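Here is the structure we will look at, set down as structure tokens.
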Amino acid sequence: MSVKIDPLLGLPEIFKEWRDDQYTATVAIENCTKPHFLGDIPVGVGKSLIGVGAHKILKSEKTIYTCGTKQLQDQILRDFAGLAVSLKGKSNYPCAAREDEFPQITADDCSLSSPSACKYYSNCGYYQQREIARNSPLVVLNNAYFLNEANGFYPSFSGNQLLIADEVDALDNALMSFVEFRITTRQLEKYGLIPPYHPEKKESWIEWIPGTVDKLKEKADKVGYNLRFSNFMNWDKNDIEKNRSRKTMEKLAGRLNDLKIGLDYSWVFYSSYSNGVTEWVFKPVNVGSYAKRYLWKHAEFSIGMSGTILDPNIMCKELGIQNCDYMQLPSPFPVKNRPIHYKPVVNLKRSSMSTELPILKNAIEEDLKNYQYKKVLIHTVSYTIRNYLLETLQCKERLVSHESNNREEWLAKFKSSKYPLVMLSPSFDRGVDLREEDNCAAVFICKVPYMSLGDPQVKAKTETPGGWDWYFMKAIQTVMQMTGRHIRSVEQCGDTIIYDQQFEKLLNKTKDIIPYWWKDAIIYHDMNNSKVKIGSMF
Ligand code: SF4
């Protein structure tokens, strides 16, 4: 039985009733006496209404709603127009003084130390929106922007009553990107810096930091001093570039200072080489120990939601949470609408890749015959598999793909096309909503998306207590996310096909944390293609 939404809450009029699970979740949040609440809330339950409803029920005067992507930010704003205010990074807004030059010149190029003194201030998209957001009780930000602003030299968007983290299981990645430090030979050359004498030693970098910070500050000040005598409105391309360089040097100096303070013996340090460029990377093994300082201190109470939290103990450890309530809700989508066909035809390990890829290609080609008039999304997991399939699959006229820098552009083309395209993507596991009108009938998963053990941080983490549980949980989270891209409503139907034999091992490792609503959808196909419901085997 549905419960009417109290009109006094002031939620948008289209939301008249709580669905049962939404109501259960909001009651649990209201009754939570701990500083954190984690909700395993699958797609379709209506996470954003639970989050915004909680903001109203708890009478929060200052709430930050964070999400992983700008697309999700836009979606929340559409659903809660008039209630929520959204703000993105400066580079997303034109500078009102040089509006015609957007996007070549953006508000991020603004060099004014006191923007409110700018004569274009009243039309300045970024600073006006920031003012509105600062005074709004409910602000929607993406994770990266929130972390940067709330922890900046002059912090914004700190001191909240409530922090709502959508896709909380991806928050550790955002936090890691914020905390880790990377530097390349290209950057060093650009800023006229010489690497430490022994760049292969962490200690050598630690000694190198103070002198380098001084040099960077000196160079940035010099550029700033020269630019100070010219008017931003008259800057040419060269001046704009110099100013960008100045800002990057200042940021780099700040990041190096942070690194010096945060870096300890437990951090992993490694280098990689690609296309003539060496990159040195510094990362904490467990980013959870930084969560309190950079995330949780900015709010009195937090709500973390995702359909794939799976193990609250691991999640809490990952996000430095010590005391929380947790609830898990089932998927509202009928199991018959979302079958997951497990066809173990290949064993895609690095050592067997070359012999297995032709078998994978043949299996995909056979299955594509069943979707001649519908779109298909193929999660290739790696660019190696993507490239092989792009070259060898016969239906060339249907194939599309993308690179890391044009992902959104190709996603939009794939969704809007009237043609039954086949998208080959190594990175569409999250942030992709393929709705009924997008006509995508199937998702194929080529390989179990294990994190690379060649990444020293991942390897080091597996060597800590509970590290392998974390490793396998990460992989099954990603598989579950992949299977949900094309089923976004109760009416929508779509198949998933998994080809990699490694999936069985992963199921065994994670069987205790996979929810029943997902297990029940798995159908095992044996060599003779007879089918067995695998969910009942657990
Ligand atoms: S404050 Fe003025 S110069 Fe700065 S971004 Fe806004 S309009 Fe442009």
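Heads up, the sequence shown stops at 550 in this note's numbering, and the numbers go up one at a time, no gaps.
The C-beta atom is built at its ideal place from N, Cα and C for all residues, glycine as well.
In this text the structure is predicted, and so the values were computed from the model without any measurement.
Pick helix, strand or coil for residue i, following the three-state DSSP scheme.
i, result
"residue 55", "coil"
"residue 383", "helix"
"residue 312", "strand"
"residue 328", "helix"
"residue 370", "helix"
"residue 75", "strand"
"residue 397", "helix"
"residue 469", "helix"
"residue 349", "helix"
"residue 436", "strand"
"residue 67", "helix"
"residue 62", "helix"
"residue 513", "coil"
"residue 376", "helix"
"residue 388", "strand"
"residue 113", "helix"
"residue 165", "coil"
"residue 476", "coil"
"residue 447", "coil"
"residue 403", "helix"
"residue 298", "coil"
"residue 121", "helix"
Along the beta strand (DSSP E) that carries residue i, what are the first and last residues, could you check?
i, result
"residue 44", "First-last for residue 44: undefined, no H or E at that position."
"residue 536", "534-537"
"residue 502", "Counting along the chain, residue 502 falls outside any beta strand (DSSP E), and DSSP gives it neither H nor E."
"residue 151", "150-154"
"residue 356", "352-358"
"residue 338", "336-340"
"residue 456", "452-457"
"residue 412", "411-413"
According to DSSP, which residues form a beta bridge with residue i?
i, result
"residue 293", "194 and 282"
"residue 30", "15"
"residue 317", "51 and 178"
"residue 544", "536"
"residue 172", "311"
"residue 99", "Looking at the DSSP assignment, residue 99 forms no beta bridge with any residue, so it has no partner."
On a Cα-Cα basis, can you pick out the residue from the options that is closest to residue i?
i, options, result
"residue 137", "111, 146 and 151", "111"
"residue 71", "174, 515 and 206", "174"
"residue 265", "222, 250 and 274", "222"
"residue 512", "373, 109 and 156", "373"
"residue 187", "45, 268 and 295", "295"
"residue 534", "500, 62 and 491", "491"
"residue 178", "205, 94 and 51", "51"
"residue 400", "370, 118, 456 and 416", "370"
"residue 91", "58, 104, 246 and 38", "58"
"residue 134", "108, 104 and 316", "108"
"residue 351", "507, 420 and 68", "507"
"residue 408", "422, 362, 386 and 433", "433"
"residue 455", "62, 413, 387 and 80", "387"
"residue 283", "468, 464 and 536", "468"
"residue 431", "384, 446 and 278", "384"
"residue 439", "252, 101, 398 and 452", "398"
"residue 529", "380, 349 and 161", "349"
"residue 201", "447, 544, 228 and 483", "228"
"residue 256", "359, 117 and 287", "117"
"residue 450", "262, 429, 466 and 458", "429"
To which residues of the same chain is residue i closer than 7 Å at the C-beta, ignoring the five residues directly before and after it?
i, result
"residue 197", "289 and 290"
"residue 254", "235 and 239"
"residue 489", "181, 320 and 322"
"residue 145", "97, 99 and 151"
"residue 29", "14, 15, 16 and 17"
"residue 220", "208"
Starting from residue i, follow the alpha helix (DSSP H) in both directions and report where the run begins and ends.
i, result
"residue 216", "214-240"
"residue 144", "137-146"
"residue 257", "249-274"
"residue 526", "Neither: residue 526 is in no alpha helix (DSSP H) and is coded neither H nor E."
"residue 492", "479-495"
"residue 88", "82-91"
"residue 423", "419-428"
"residue 305", "303-306"
Please go through the same chain and pick out, in chain order, the residues whose beta-carbon is closer than 6 Å to the beta-carbon of residue i, but skip the five residues on each side of it.
i, result
"residue 527", "none"
"residue 214", "281"
"residue 48", "314, 333 and 336"
"residue 78", "153, 155, 158 and 177"
Could you tell me if the beta carbon of residue i falls within a distance shorter than 7 Å of some heavy atom in the ligand FAD?
i, result
"residue 153", "Because the ligand FAD does not appear in the structure shown, any question about it cannot be addressed here, the ligands present being the ligand SF4."
Quick one: residues in its chain with C-beta nearer than 8 Å to the C-beta of residue i, no 5 flanking neighbours on either side, listed in chain order?
i, result
"residue 461", "391, 393, 441, 487, 490, 491 and 494"
"residue 218", "272 and 275"
"residue 344", "31, 33, 54, 56, 57 and 502"
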